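Enquirer: First residue of the sequence shown: 299, per this note's numbering; consecutive thereafter. Glycine is no exception: its CB is placed at the ideal position from the N, C-alpha and C atoms. Given the structure is predicted, the values throughout are model-derived calculations rather than measurements.
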Amino acid sequence: MSGTRRGTAGHRGAHLGDFTVQPRMLVICGWALLVGGTGAVAALALLRLIGLVTNAVFYQRWSTSLVAPGLEHRPWWLVLGAPVLGGLVIGAMARYGSEKIRGHGMPEAIEAILTGGSRVAPRVAVLKPVSAAISIGTGGPFGAEGPIIMTGGAIGSILAQALRLSADERKTLLVSGAAAGMAATFNSPLAAVLLAVELLLFEWRPRSFVPVVAAVGVSTVVRGFLLGTAPIFPVSAAGLHVAPTVDVLCVLAGLLGGALAVAATWLVYRAEDGFARLPFHWMWWPAIGGLVIGLGGLVEPRALGVGYDVIQQLLTGRATVSLIVGILVVKTLIWSLSLGSGTSGGVLAPVFMIGGAVGAAEGLVFPHVIPGFWAMMGLAAVVGGVMRSPLTGVVFTLELTHAWGAVLPLLISSTAAYALSALLLKRSVLTEKIARRGLHLTREYSTDPLETFFVEEVMDRNPDHQTPATEADLLGNGAVPDDRGATVVTLRPDDTLRRAAYLFAEHDVTRAPVVSHGPDARVVGTLNLHHLLHARRHDLTEEHHRQRLLPGNRRRAPDAVPT
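(1) Buried or exposed, going by whether 16 or more other CB atoms sit within 10 Å of the CB of residue 336?
(2) Under 8 Å between the Cβ atoms of residue 795 and residue 718?
(3) Quick one: which unbroken alpha helix (DSSP H) runs of 4-plus residues sit fully inside the region 552-639? Chain order, please.
(4) If you draw a straight line from the C-alpha of residue 542 to the C-alpha of residue 459, how long is it?
(5) State the Cα-Cα distance for the pair residue 388 and residue 799, rounded to the nearest angstrom.
(6) Pick from 704, 465, 379 and 844: whose alpha carbon is nearest that of residue 588?
(7) Note down, in chain order, each residue of its chain lying with its Cβ closer than 7 Å to the Cβ of residue 406, except the 5 sequence neighbours on either side.
(8) Taking the DSSP output, what are the residues bridged to residue 759?
(9) My assumption, with CB atoms under 8 Å, is that residue 933 sits in contact with residue 812. Please give the rounded CB distance.
(10) Return helix, strand or coil for residue 680, following the three-state DSSP convention.
(11) Within the continuous beta strand (DSSP E) that includes residue 809, where are the two ends?
(12) Pick helix, strand or coil for residue 858, following the three-state DSSP scheme.
(13) What does the Cβ neighbour count give for residue 370, buried or exposed, with the cut at 16 atoms within 10 Å?
(14) Just to confirm the assignment, what range does the alpha helix (DSSP H) spanning residue 800 have?
(15) Kindly list the residues whose CB is nearer than 6 Å to the CB of residue 617, restricted to its own chain and excluding five residues on each side of it in sequence; keep chain order.
(16) Assuming contact is defined by CB atoms lying nearer than 8 Å, are residue 695 and residue 532 in contact in what I supplied?
(17) To the nearest angstrom, how far is it from the Cα of residue 553 to the Cα of residue 665?
(18) From this set, 640, 597 and 613, which residue's C-alpha is nearest residue 627's C-alpha?
(19) For residue 363, which residues in the same chain have their Cβ closer than 8 Å to its Cβ, ignoring the five residues on either side in sequence?
(20) Distance, Cα to Cα, residue 382 vs residue 437?
(21) Is the beta carbon of residue 517 closer than 8 Å to that of residue 478?
(22) Would you kindly report the start and end of the unbroken alpha helix (DSSP H) that includes residue 358?
(23) In three-state terms, what does DSSP make of residue 332?
(24) Using three-state DSSP, classify residue 475 as helix, strand or coil.
(25) So, with DSSP's three-state summary, where would you put residue 527?
(26) Thinking residue 496 and residue 690 are a contact (beta carbons under 8 Å), I'd like their distance in whole angstroms, please.
(27) Under a Cβ-count criterion, where at least 16 other Cβ atoms within 10 Å of its own Cβ denotes burial, should residue 845 be classed as buried or exposed?
(28) Starting from residue 413 and walking both ways along the alpha helix (DSSP H), at which residues does that stretch end?
(29) What's the call for residue 806, buried or exposed, on a 16-neighbour Cβ count within 10 Å?
(30) Give a yes or no on whether the C-beta atoms belonging to residue 498 and residue 591 are separated by under 8 Å.
(31) Quick check on residue 469: buried or exposed, where buried means 16 or more other Cβ atoms within 10 Å of its Cβ?
(32) Go to residue 496, then tell me how far its alpha helix (DSSP H) extends in each direction, as first and last residue.
(33) Per DSSP, what kind of secondary structure is residue 778 in: helix, strand or coil?
(34) Using CA coordinates, which residue listed in 680, 540 and 682 is at the minimum distance from residue 668?
(35) Only counting the same chain, and skipping five residues up and downstream in sequence, which positions put a Cβ closer than 6 Å to that of residue 678?
(36) Relative to the C-alpha of residue 568, which candidate in 631, 604 and 613 has its C-alpha closest?
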């Protein structure tokens, strides 16, 4: 068996490409366009519904415009009681409607993809936005993006279920709907696509990426007609100049944001553990979470609701010290503790606010750059630490503010927070919930080592290369029935080990002859199941074997990991 990589003349692998893509991708793109437009309308409907509930509960008026519950002074009994009442309604909806409405949306979408064949029940498409509107409209410190991810995903899944599609194609339309809703909510097409790639698709392939972008493109255009194209939180970046010392401080800002992200994530799941120990049914838990929200609202009313107005103040440098401290403490506590109760609401808007607050606090002592600069650093850092999606954190901040000149410091801050969070916590606020349901999700993606080796590099070779191919061997490359009805699996020398593994798994075989190309085909070798481990050993060697490569110290890496 060959143990080294050898350059090969000719065209070995000429039939392979960087990506595997079929024209059917264009069909899925066509459906994704429809999903994108529908997702944008659903996002607008959710925002209007949140505004309607907020105005009705806190201001006793009929209006669908988004307004903060704590914008004006309200009676203490209303601030305290509204979240409790909202929690009671949500608990009843979850128990008697669908338990899938509990939580912040993204773990539920991930679970549907991983274990449910990307199938979402139609009632979730209705109950999730309604429950979120009730939760946020009665003062819940949550965002609309998690529910719209679940709602948009449900739209894509329902359409896919009505068509004759595979599970992978259903996943593509589900994620297309989720990303479309996200893009329409924040006018952030690139961040929505990145979020889909980093959190939902679990692959980087044209068959899924292109339809998702198609859906997001349509959604963003429709959003422009419905809500405009201006940034959500515009920041004036005039005069932005980032000195090297500021870049260094961005590392510290990232670490502080990462520490806050770790603490908030820890609080969410300690709260969930505490609610799980209560001696009564979970349908009552959101009401208790609502009580926590109400008590926090009495301390800092601006911590209630989505809080877009507060985020705007933080990012433009107009927040007072009392507001910064109040948001940093109260918002973090009531969001973390109430989210653990299983109520309905998203995580991004609260994370934006908490991150903006910690950055604004840093701006009180760090050197001035432009108004809101450090709040932007904090926002990107906390998103990178909470979501474990550093690029999404950077792009979200840029698309929300249009402060394009802050790319490098944002990248530094977000990555520093991401690194700290990954070192201190095994899972994020999203994947921990998945793990608690008995699943494991890795978010490390790399090239499959089976894809980098060809069959001829590891097969057992026929010594004289003169064994004629039988009629069964010549039936074709792959697996076909012979004239006796038996399955014949054959391989070519330039097949990848990944293709061989797929054929072995599909036809339940552990060995296959390797047949040369051409009219004078010969059986040139045999591939066994254990040969597939060669690629894995090579991958492990490259990961773990350390050696000096300076002149005089060059040694070939071993074929196996040293013991």
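Expert: Inspection of the coordinates gives the following:
(1) Position 38 of the sequence shown, counted from the start, is the residue given in the question as residue 336. Counting other Cβ atoms within 10 Å of its Cβ, residue 336 reaches 16 or more and is therefore classed as buried.
(2) Position 497 of the sequence shown, counted from the first residue, corresponds to residue 795. Position 420 of the sequence shown, counted from the first residue, corresponds to residue 718. Cβ atoms of residue 795 and residue 718: not closer than 8 Å.
(3) Fully enclosed alpha helix (DSSP H) runs of 4 or longer: 583-597, 606-613, 619-624 and 630-637.
(4) Taking the sequence shown and counting its residues from 1, the one referred to as residue 542 is at position 244. Taking the sequence shown and counting its residues from 1, the one referred to as residue 459 is at position 161. Note on geometry: alpha-carbon atoms of residue 542 and residue 459 lie some 53 Å from one another.
(5) For the purposes of this step, residue 388 is taken as residue 90 along the sequence shown, with counting starting at 1. For the purposes of this step, residue 799 is taken as residue 501 along the sequence shown, with counting starting at 1. For residue 388 and residue 799, the distance between alpha carbons rounds to 48 Å.
(6) If you number the sequence shown from 1, residue 588 lands on position 290. It is 379 whose Cα lies nearest to the Cα of residue 588.
(7) Here residue 406 corresponds to residue number 108 of the sequence shown, with the count starting at 1. For residue 406, where only same-chain residues beyond five positions count, the Cβ hits under 7 Å are 398 and 448.
(8) As a position in the sequence shown, residue 759 is number 461, starting the count at 1. The partner list for residue 759 (beta bridge, DSSP) reads 823.
(9) Because the chain here runs from 299 to 861, residue 933 falls outside it and cannot be looked at.
(10) Taking the first residue of the sequence shown as 1, we reach residue 680 at position 382. Residue 680: helix per DSSP, three-state reduction.
(11) Locating residue 809 in the sequence shown gives position 511, where the first residue counts as 1. That run of the beta strand (DSSP E) goes 809-813.
(12) Working through the sequence shown from its first residue, we reach residue 858 at position 560. Per-residue confidence for residue 858 stands at a pLDDT of 47, beneath the threshold of 50, marking its modelled position as unreliable; the derived number appears in the next sentence. Under the three-state reduction of DSSP output, residue 858 falls in the coil class, being neither helix nor strand.
(13) For the purposes of this step, residue 370 is identified with residue 72 of the sequence shown, where counting begins at 1. By the neighbour-count rule (16 or more Cβ atoms within 10 Å), residue 370 is not buried but exposed.
(14) In the sequence shown, residue 800 corresponds to position 502, counting from 1. First-last of the alpha helix (DSSP H) with residue 800: 795-805.
(15) Numbered from 1 along the sequence shown, position 319 holds the residue referred to as residue 617. If we look at residue 617 and ignore the five residues flanking it on each side, its Cβ neighbours are 611 and 658.
(16) Indexing the sequence shown from 1 puts residue 695 at position 397. Indexing the sequence shown from 1 puts residue 532 at position 234. No Cβ-Cβ contact shorter than 8 Å links residue 695 with residue 532.
(17) Position 255 of the sequence shown, counted from the start, is the residue given in the question as residue 553. Position 367 of the sequence shown, counted from the start, is the residue given in the question as residue 665. Taking the straight line joining both Cα atoms gives about 17 Å.
(18) The residue you call residue 627 lines up with position 329 of the sequence shown. Closest option to residue 627, Cα to Cα, is 597.
(19) Residue 363 sits at position 65 when you count from the first residue of the sequence shown. Spatial neighbours of residue 363 in its own chain (CB-CB distance under 8 Å, excluding positions within 5 residues in sequence) are listed in chain order as 349 and 353.
(20) If you number the sequence shown from 1, residue 382 lands on position 84. If you number the sequence shown from 1, residue 437 lands on position 139. Whole-angstrom Cα-Cα distance: 9 Å.
(21) Counting from one through the sequence shown, the residue named residue 478 turns up at place 180. Counting from one through the sequence shown, the residue named residue 517 turns up at place 219. Yes, Cβ-Cβ distance for residue 478 and residue 517 is below 8 Å.
(22) Locating residue 358 in the sequence shown gives position 60, counting from the first residue. Going by DSSP, residue 358 is part of no alpha helix (DSSP H) at all; its letter is neither H nor E.
(23) Sequence index remark: in the sequence shown, residue 332 carries index 34 (1-based). Here residue 332 carries a helix assignment [DSSP, helix/strand/coil].
(24) Residue numbering aside, residue 475 sits at position 177 when the sequence shown is read from its first letter. Note: residue 475 maps to helix in three-state DSSP.
(25) Mapped onto the sequence shown, residue 527 falls at position 229. Three-state result, residue 527: coil.
(26) Residue mapping note: residue 496 aligns to position 198 of the sequence shown, counting from 1. Residue mapping note: residue 690 aligns to position 392 of the sequence shown, counting from 1. Between the beta-carbon of residue 496 and that of residue 690 there is about 6 Å, and that keeps the pair under the 8 Å contact cut.
(27) To locate residue 845, count along the sequence shown from 1; it is residue 547. Label assigned to residue 845: exposed.
(28) Taking the sequence shown and counting its residues from 1, the one referred to as residue 413 is at position 115. From DSSP, the alpha helix (DSSP H) with residue 413 extends over 404-413.
(29) Position 508 of the sequence shown, counted from the start, is the residue given in the question as residue 806. An exposed status is given to residue 806, since fewer than 16 other beta-carbon atoms sit within 10 Å of its beta-carbon.
(30) As a working mapping, residue 498 is identified with position 200 in the sequence shown. As a working mapping, residue 591 is identified with position 293 in the sequence shown. By the CB criterion at 8 Å, residue 498 and residue 591 fall outside the cutoff.
(31) The sequence position of residue 469 within the sequence shown is 171, counting from 1. Buried, since its Cβ has 16 or more Cβ neighbours within 10 Å.
(32) Mapped onto the sequence shown, residue 496 falls at position 198. Neither: residue 496 is in no alpha helix (DSSP H) and is coded neither H nor E.
(33) Along the sequence shown, read from residue 1 onward, the residue named residue 778 stands at position 480. Low local confidence applies: a pLDDT of 49 at residue 778 is under 50, so the model's placement there is unreliable, with the coordinate-based value given in what follows. Residue state, collapsed to three classes: strand.
(34) By 1-based counting over the sequence shown, the position of residue 668 is 370. If we check each option's Cα against that of residue 668, 540 comes out closest.
(35) As a working mapping, residue 678 is identified with position 380 in the sequence shown. Only residues of its own chain outside the window of five on either side were considered, and among them 691, 692, 695, 708, 711 and 712 have a CB closer than 6 Å to the CB of residue 678, listed in chain order.
(36) The residue labelled residue 568 in the question sits at position 270 within the sequence shown. Ranking 631, 604 and 613 by Cα distance to residue 568 puts 631 first.
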